[in-house]
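Residue numbers (the numbering used here), protein chains in the order written: chain U, 1 to 216; chain S, 217 to 432.
Think of the CB as a built atom: it goes at the ideal place given N, C-alpha and C, for glycine as much as any other residue.
Given the structure is predicted, the values throughout are model-derived calculations rather than measurements.
Here's the structure we're looking at; comments come further down.
2 protein chains.
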Amino acid sequence: MGIVERKERQRAELREQILTAARRIVLDEGFEALTMRKIGDAIEYSPATIYLYFENREAIGRQLCAESFEHLIAYMTPVGQIADPYERLRGIGRCYTRFGFENPEEYRLLFMTDPAFMEALFPPDNTADPKDPGERAFQFVVDAFRAAQAAGAIRPDGDPVALAEMVWTACHGVVSMTLTCNHVLETRPEAIVDMLCDTILRGLATPLTSTVRSAS
Amino acid sequence: MGIVERKERQRAELREQILTAARRIVLDEGFEALTMRKIGDAIEYSPATIYLYFENREAIGRQLCAESFEHLIAYMTPVGQIADPYERLRGIGRCYTRFGFENPEEYRLLFMTDPAFMEALFPPDNTADPKDPGERAFQFVVDAFRAAQAAGAIRPDGDPVALAEMVWTACHGVVSMTLTCNHVLETRPEAIVDMLCDTILRGLATPLTSTVRSAS
DNA sequence: TGCGTTTCTGAACTATGTTGACTATACTGA
DNA sequence: TCAGTATAGTCAACATAGTTCAGAAACGCA
Numbered sequence: 001m002g003i004v005e006r007k008e009r010q011r012a013e014l015r016e017q018i019l020t021a022a023r024r025i026v027l028d029e030g031f032e033a034l035t036m037r038k039i040g041d042a043i044e045y046s047p048a049t050i051y052l053y054f055e056n057r058e059a060i061g062r063q064l065c066a067e068s069f070e071h072l073i074a075y076m077t078p079v080g081q082i083a084d085p086y087e088r089l090r091g092i093g094r095c096y097t098r099f100g101f102e103n104p105e106e107y108r109l110l111f112m113t114d115p116a117f118m119e120a121l122f123p124p125d126n127t128a129d130p131k132d133p134g135e136r137a138f139q140f141v142v143d144a145f146r147a148a149q150a151a152g153a154i155r156p157d158g159d160p161v162a163l164a165e166m167v168w169t170a171c172h173g174v175v176s177m178t179l180t181c182n183h184v185l186e187t188r189p190e191a192i193v194d195m196l197c198d199t200i201l202r203g204l205a206t207p208l209t210s211t212v213r214s215a216s
Numbered sequence: 217m218g219i220v221e222r223k224e225r226q227r228a229e230l231r232e233q234i235l236t237a238a239r240r241i242v243l244d245e246g247f248e249a250l251t252m253r254k255i256g257d258a259i260e261y262s263p264a265t266i267y268l269y270f271e272n273r274e275a276i277g278r279q280l281c282a283e284s285f286e287h288l289i290a291y292m293t294p295v296g297q298i299a300d301p302y303e304r305l306r307g308i309g310r311c312y313t314r315f316g317f318e319n320p321e322e323y324r325l326l327f328m329t330d331p332a333f334m335e336a337l338f339p340p341d342n343t344a345d346p347k348d349p350g351e352r353a354f355q356f357v358v359d360a361f362r363a364a365q366a367a368g369a370i371r372p373d374g375d376p377v378a379l380a381e382m383v384w385t386a387c388h389g390v391v392s393m394t395l396t397c398n399h400v401l402e403t404r405p406e407a408i409v410d411m412l413c414d415t416i417l418r419g420l421a422t423p424l425t426s427t428v429r430s431a432s
């Protein structure tokens with residue numbers, strides 16, 4: 001039955017064409033600028049055809065999001081090789097933010113557009129299923145913290161998950177603020193990231209003193 | 217000329233009505249849900265009338281944004297009273313993020329919607345004019361860092377402006393990530409903020425050690 | 001060749017921001 | 001008091017969206 005297979009192949013090809021066109025538009029102009037009619041023009045099909053391949057515009061966004069997340073993971077993979085856990089943590093912070101600075105529209109799509117887009121990555125119900133791509137990537141950071149604690153590079157107290165969420169949200173802040181209103185920041189974003197990572201790691205390396213209360 | 221004055225008053229009143237209706241919609245449903253027709257319904261005027269009072273939808277957003285910024289400043293003012301500069305810095309971080317958690321739509325409007333909205337607060341050309349409301353509020357944080365340095369609560373090196381931008385963006389990260397996809401974070405946002413502020417301040421209190429390179 | 005299935009499209013529906021021609025009201029000066 | 005004018009407000013329309021659905025076209029099979 002070669003005909004059935006060819007049909008399946010053609011169907012997959014057109015679906016891919018739609019995604020390719022959509023991706024180009026999103027990377028060039030952002031998700032807001034993605035319209036069904038523009039995709040239709042690009043692939044030379046009527047806009048209505050797209051609905052035979054995707055439920056709606058949001059579904060296209062979700063798929064692009066999943067792909068961008070793979071991009072982010074590929075981007076981050078090399079830093080996982082850094083043996084020194086302290087340096088690995090610094091590398092993670094720098095690499096994550098660099099991804100955002102170098103791929104602004106992908107970063108926006110992933111983390112600044114629609115909560116629904118992240119739900120394919122981090123399903124809402126089953127919290128922390130290690131099979132979810134988001135959870136896997138996040139474990140990458142948690143593991144680095146565990147290793148740093150084990151190596152004595154940072155204080156052994158403190159939940160590694162909470163620590164990972166802390167650096168993630170902090171780094172996200174630098175990227176998102178830069179992407180939303182770059183001109184407001186006087187300091188180079190990369191310099192802020194470096195300072196932030198250094199300061200946090202130094203703060204975690206320090207033994208507790210009497211000036212500091214309840215690290216919660 | 218009481219007639220002219222009454223007309224001006226009426227004009228100002230309708231303008232205020234428009235803003236009140238718009239504010240209600242934005243606080244309840246977010247800026248995306250703000251439509252000219254909804255405002256028209258609420259004030260019992262045709263949507264076209266709104267254009268006699270505001271240039272366009274964005275101009276309404278800008279005005280609401282300016283008001284929300286005043287709200288944020290009012291929110292933050294009490295922490296300015298804290299004498300101990302170390303505690304004041306902690307208070308600033310907590311208070312800022314609490315504003316975001318308690319007034320999510322205002323926070324979104326201010327810092328997560330449209331860069332243009334911030335331009336009334338932080339005009340793009342004349343960088344760091346102390347008359348801009350954004351600059352004034354930001355100086356609040358810079359001053360706290362300067363005081364902390366002067367008091368020896370944190371290391372004296374490090375540009376206070378860069379430090380202020382660092383904590384601002386980091387705190388922004390916790391708020392914006394929470395507002396965009398709360399369910400992804402396992403740790404309570406407030407706990408992340410506390411840990412973040414403590415860690416950063418501890419990192420800044422520490423004298424430089426050999427493990428730490430180039431604080432940039 | 002004819003029939004049924006699959007694929008695609010045109011036209012429409014709703015909703016949106018925005019505009020410009022028009023109307024109605026209020027005011028002014030005689 | 002009234003005619004003329006300025007102001008305020010509205011209606012209907014335009015363009016652009018996402019989305020749907022009835023019907024057309026293409027395709028495959030007997």
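Judged by DSSP secondary structure, R108(U) falls within the alpha helix (DSSP H) whose first and last residues are P104 to F111. In this structure, A282(S) and A367(S) do not form a Cβ contact; the two beta carbons are roughly 34 Å apart against a cut-off of 8 Å. At a cut-off of 8 Å between beta carbons, I289(S) makes no contact with chain U.
A Cβ of chain S is located within less than 8 Å of the beta carbon of G173(U).
When C-beta distances to chain U are compared with 9 Å, the residues of the stretch 347-373 of chain S below that value are G350, F354 and A369, in chain order. Contact between V167(U) and V141(U) holds, since their C-beta atoms are separated by about 7 Å, short of 8 Å. Assigned with DSSP and collapsed to three states, R253(S) falls in helix. Secondary structure of G296(S) (DSSP, three-state): helix.
Put simply, the CB of L64(U) is far from chain S, with every gap to its CB atoms at 8 Å or more.
Contact between G246(S) and E321(S) holds, with the beta-carbon distance rounding to 5 Å and staying under 8 Å. Nearest neighbour of P349(S) by Cα position, chosen from P301(S), A290(S) and T313(S), turns out to be A290(S). Listed along chain S, the residues sitting closer than 7 Å to L196(U) by beta-carbon distance are M382 and A386. Annotation for V174(U): the continuous alpha helix (DSSP H) segment containing it runs P160 to C181. With fewer than 16 other Cβ atoms from the protein chains shown falling within 10 Å of its own Cβ, E44(U) counts as exposed. The alpha-carbon separation between R371(S) and Q365(S) amounts to approximately 6 Å. Taking P301(S) as the centre and dropping the five residues before and after it, the same chain places the C-beta of A360, A363, A364, A367 and A369 closer than 7 Å to its C-beta, in chain order.
If you draw a straight line from the Cα of L27(U) to the Cα of I266(S), it comes to about 35 Å. For the set A380(S), C413(S), L379(S) and D373(S), the Cα lying nearest the Cα of V390(S) is the one of C413(S). Secondary structure note for R146(U): its alpha helix (DSSP H) is the uninterrupted segment P133 to A150. In the assembly as shown, S392(S) is a buried residue. Its beta-carbon has 16 or more other beta-carbons within 10 Å. Under the three-state reduction of DSSP output, T187(U) falls in the coil class, being neither helix nor strand. Counting along the chain, P263(S) sits inside the alpha helix (DSSP H) bounded by residues P263 to I266. Taken atom to atom, the span from the alpha-carbon of A22(U) to that of E58(U) is near 12 Å.
Sorting F315(S), Q297(S), E271(S) and N272(S) by C-alpha distance to the C-alpha of H287(S) places F315(S) at the top. Counting along the chain, D244(S) sits inside the alpha helix (DSSP H) bounded by residues G218 to E245.
In chain U, no part has a C-beta under 8 Å from the C-beta of S284(S); the shortest such distance is about 15 Å. Burial is judged here by how many other beta carbons sit within 10 angstroms of a residue's own beta carbon; A299(S) has fewer than 16 and is exposed. Taking 8 Å as the threshold, the shortest C-beta distance from C181(U) to chain S falls below it. In this structure, the straight-line span from the alpha carbon of I3(U) to that of Q17(U) is close to 21 Å.
Just so you know, the alpha carbons of G256(S) and A228(S) end up roughly 16 Å apart. Taking 8 Å as the CB threshold, V4(U) stays off the interface with chain S. In this structure, T415(S) sits away from I192(U), with a CB-CB distance that is not shorter than 8 Å. In the structure shown, the three-state DSSP call for P85(U) is helix. With a cutoff of 8 Å on beta-carbon distance, G80(U) and C171(U) are scored as not near each other. Between the alpha carbons of T313(S) and M252(S) lies a gap of roughly 31 Å.
Pairing L395(S) with P189(U), the inter-Cα distance amounts to about 22 Å.
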